[in-house]
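Undergrad: The sequence shown finishes on residue 457 if you use our numbering, and the numbering steps up by one all the way, no holes.
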Amino acid sequence: MKILLVYPNARAEIIGWGDLGAIAEPLALEYLAAGAKLDGHDVRILDLRLHRDALDAALLDYQPAAVGVTGFSMHVLRGLAICTRVKELLPDCITVAGGHHATLLPEDFFEPQIDCVVQGEGVKPFREILRALAAGRTPSGIPGVWTRADGRFLSGGDPYLFDIDDMPLPDRSLLPDDRASYFIDWMKPIALMRSTVGCPFRCSFCSLWRIMDGKYHIRAVERVVTELAAIPEECVFLVDDEAFINRKHMFELAAAIKSAGIRKRYFTYCRIDSLLRERELLTAWRDVGLERLFIGIEAVTARDLQDYNKRLNISQIEEGLTVARAMGIAVFAGFIVNTSFEKRDFKQLIRFIEHNRLDYPSFTILTPLPGTDALRTFDAVTERQPNGRPSWELFDLQNPVTRTTLPRDAFMREYRNLFNEFIGRSLQYREEMLLHNPERLRERARIASQQTYSPVS
1 MKILLVYPNA
11 RAEIIGWGDL
21 GAIAEPLALE
31 YLAAGAKLDG
41 HDVRILDLRL
51 HRDALDAALL
61 DYQPAAVGVT
71 GFSMHVLRGL
81 AICTRVKELL
91 PDCITVAGGH
101 HATLLPEDFF
111 EPQIDCVVQG
121 EGVKPFREIL
131 RALAAGRTPS
141 GIPGVWTRAD
151 GRFLSGGDPY
161 LFDIDDMPLP
171 DRSLLPDDRA
181 SYFIDWMKPI
191 ALMRSTVGCP
201 FRCSFCSLWR
211 IMDGKYHIRA
221 VERVVTELAA
231 IPEECVFLVD
241 DEAFINRKHM
251 FELAAAIKSA
261 GIRKRYFTYC
271 RIDSLLRERE
281 LLTAWRDVGL
291 ERLFIGIEAV
301 TARDLQDYNK
311 RLNISQIEEG
321 LTVARAMGIA
331 VFAGFIVNTS
341 FEKRDFKQLI
351 RFIEHNRLDY
361 PSFTILTPLP
371 GTDALRTFDA
381 VTERQPNGRP
391 SWELFDLQNP
401 VTRTTLPRDA
411 FMREYRNLFN
421 EFIGRSLQYR
431 EEMLLHNPER
441 LRERARIASQ
451 QTYSPVS
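1) On the DSSP bridge list, what partners appear for Arg44?
2) Compute the distance between the beta-carbons of Pro477 and Gly122, then report whether it is under 7 Å.
3) Please state whether DSSP places Gly289 in a helix, a strand or coil.
4) Between the region 250-260 and the region 205-215, do at least 3 Cβ pairs fall closer than 8 Å?
5) Count the other C-beta atoms from every protein chain shown that fall within 10 angstroms of the C-beta of Leu38, then say buried if there are 16 or more, exposed otherwise.
6) In terms of alpha-carbon separation, which member of Asp150, Gly289, Leu290 and Ser315 lies closest to Thr301?
7) Have a look at Arg179 and Glu233 and give me their C-alpha separation to the nearest angstrom.
8) Taking just the CA atoms, how far does Pro91 sit from Ile114?
9) Do three or more CB pairs link the region 295-311 to the region 367-385 at distances below 8 Å?
10) Along the chain, where does the alpha helix (DSSP H) that runs through Thr268 open and close?
11) Closest to Pro176 by CA distance: which of Tyr160, Arg219, Leu161 and Ile231 is it?
12) Quick one: is Gln398 buried, meaning 16 or more other Cβ sit within 10 Å of its Cβ, or exposed?
13) Would you report the Cα separation of Phe72 and Ala57, rounded to the nearest angstrom?
14) Just tell me which of Asp240, Gly320 and Glu88 has its CA closest to the CA of Cys199.
15) Using 10 angstroms around the beta-carbon of Lys124, count the other beta-carbons present and answer buried if the total reaches 16, otherwise exposed.
16) Could you give the first and the last residue of the continuous alpha helix (DSSP H) run that contains Arg179?
17) Tell me the rounded alpha-carbon separation between Gly141 and Arg389.
18) Beta-carbon separation of Leu293 and Phe363 under 7 Å?
19) If you follow the beta strand (DSSP E) that Gly334 is in, where does it begin and where does it stop?
20) Could you compute how far the alpha carbon of Lys2 sits from the alpha carbon of Gln63?
21) For Arg148, is the classification buried or exposed, using 16 other Cβ atoms within 10 angstroms of its Cβ as the cut-off for buried?
22) What whole-angstrom Cβ distance do Met187 and Arg85 have, given they're in contact under 8 Å?
23) Work out the CA separation of Glu354 and Ala326 for me, nearest whole Å.
24) Would you check if the distance between the CB atom of Gly334 and the CB atom of Ile272 is smaller than 7 Å?
25) Considering Pro125, what are the terminal residues of the beta strand (DSSP E) in which it resides?
26) Determine the closest residue to Phe244 out of Ile350, Thr226 and Thr196, with distance taken between C-alpha atoms.
27) For Cys83, which three-state DSSP category applies?
28) Rounded to whole angstroms, what is the Cα-Cα separation between Val337 and Gly261?
29) Counting only the same chain and skipping the five closest in sequence on each side, list residues whose C-beta sits under 6 Å from that of Thr452.
30) Report yes if the CB atom of Ala254 is closer than 7 Å to the CB atom of Trp285, and no otherwise.
31) So, is Ser274 buried or exposed, given that buried needs 16 or more other C-beta atoms within 10 angstroms?
32) Check for me: the alpha helix (DSSP H) holding Thr402 runs from which residue to which?
33) With distance defined between alpha-carbon atoms, name the residue in Glu111, Arg152, Ala65 and Asp47 nearest to Leu89.
34) By the three-class DSSP mapping on this structure, what secondary structure does Met250 have?
Here it is, written out as structure tokens:
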């Protein structure tokens with residue numbers, strides 16, 4: 001069968017657009033494609049972030065039997081619109097929705113234009129859906145899959161148990177003309193890869209641990225090295241939720257990369273306490289190419305750190321920043337701007353960044369994401385659809401969706417000023433962007449100068 005996998009475009013495809021602006025390869029779809037191709041299906045991927053107006057042509061030219069759509073919360077409404085268009089042009093085409101949001105709130109996809117909703121890691125259930133369709137059967141009773149029948153959705157039961165080493169290697173051959181366009185700041189082009197999945201920590205604003213049911217999965221070192229050796233890009237972002245938890249695994253992986261003679265430029269996430277605890281390990285990774293760490297500092301007050309359940313204090317954070325600087329590893333520091341912020345809180349955040357000489361701060365607005373305790377109900381959400389559910393397109397971490405202490409316009413002026421303060425001031429940032437990604441730098445300068453904030457993709 002012909003299968004089309006679609007990554008949606010949205011109003012914003014930038015996480016912390018002030019510093020961590022990114023359009024990265026659709027790794028989840030590359031995994032799905034690899035699984036489907038094992039069963040003989042013909043698969044294409046359409047990345048609408050790069051080809052915003054290409055959906056109709058792709059559908060009419062390719063005539064897929066099934067279309068799969070993934071995405072985060074901010075993609076929900078766009079994903080539904082894509083599937084509506086699929087049904088308009090190809091009424092018999094089967095539509096399948098999956099991804100982070102579908103895993104946590106599948107009911108947002110219980111709509112007439114959707115045939116199946118996948119919860120959890122999608123490779124195995126998607127293969128089972130396609131096997132059923134190829135055999136002329138309704139894809140019902142599949143673990144982790146909700147199937148529409150007679151106007152309602154029926155669950156196939158709990159998702160399959162996840163085995164990270166049972167996953168096929170992602171198929172990176174399907175987007176040859178797009179790969180040069182994928183970037184994270186000046187790391188362009190960049191590939192994504194994961195060596196572990198899950199996180200043992202329980203930060204209150206994060207739902208990643210819930211997606212994996214609190215478990216931490218580690219890939220076999222040889223499989224990671226095999227995949228890494230086949231990646232053509234020099235820059236690689238390890239998308240592990242928290243890579244440096246299992247020191248034995250990460251030491252073995254660094255040694256295997258070195259032994260294989262693979263030289264890449266790595267960027268990954270790291271907690272401050274992992275950095276402090278695993279200095280020797282981080283040094284080993286620096287020696288095989290680790291250049292940048294994205295560290296979620298999140299807060300600069302003891303109260304907020306406690307509210308976020310970070311299990312850190314300010315002195316640890318400042319010590320960690322000093323250690324990273326001494327190691328020669330660039331720190332991209334993530335900060336959460338609480339909707340309770342007043343002007344003094346914005347000023348305190350600016351002082352912290354200046355005091356610690358952070359060249360690459362990144363900012364997001366505290367958002368009650370699906371899977372977190374803050375979104376057990378929608379009572380606090382101020383931005384709603386006509387049906388009463390949240391306006392998911394605003395859940396891009398760049399728009400307040402709960403009440404702000406400051407008037408909303410005043411809050412957004414202060415928030416925008418954070419980007420004006422640090423993007424314009426960071427000489428290193430500007431030099432790297434001018435050299436490797438000048439178009440994005442110009443776009444950010446334009447947005448930062450606007451009177452009214454408007455996310456871009």
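Every residue, glycine too, gets a C-beta built ideally from N, C-alpha and C.
Everything numeric in this text was worked out from a predicted model, so none of it was measured.
TA: So, from the listed chains and residues:
1) The partner list for Arg44 (beta bridge, DSSP) reads Leu4.
2) Any question about residue 477 goes unanswered here, given that the chain covers just 1 to 457.
3) coil
4) no
5) exposed
6) Ser315
7) 9 Å
8) 11 Å
9) no
10) Residue range Arg265 to Tyr269 is occupied by the beta strand (DSSP E) that includes Thr268, with no alpha helix (DSSP H) assigned at that position.
11) Distances from the alpha-carbon of Pro176 to those of Tyr160, Arg219, Leu161 and Ile231 put Ile231 closest.
12) The residue is buried, with at least 16 neighbouring Cβ atoms inside 10 Å.
13) 25 Å
14) Asp240
15) Buried, because 16 or more other Cβ atoms sit within 10 Å of the Cβ of Lys124.
16) It is not in any alpha helix (DSSP H) - Arg179 carries neither H nor E in the DSSP assignment.
17) 28 Å
18) no
19) Ala330 to Val337
20) If you take the alpha carbons of Lys2 and Gln63, they lie about 7 Å apart.
21) buried
22) Contact flag wrong, Cβ pair sits at about 33 Å.
23) 18 Å
24) no
25) Counting along the chain, Pro125 falls outside any beta strand (DSSP E), though it belongs to the alpha helix (DSSP H) covering Val123 to Ala134.
26) Thr196
27) helix
28) 42 Å
29) The predicted position of Thr452 is uncertain, since its pLDDT is 41 and thus under 50; a value taken from the coordinates is nonetheless stated next. Around Thr452: no qualifying Cβ.
30) yes
31) Counting every other CB atom within 10 Å of its CB across the protein chains shown gives Ser274 a total of 16 or more, marking it as buried.
32) Going by DSSP, Thr402 is part of no alpha helix (DSSP H) at all; its letter is neither H nor E.
33) Ala65
34) If DSSP states are grouped into helix, strand and coil, Met250 belongs with the helices.
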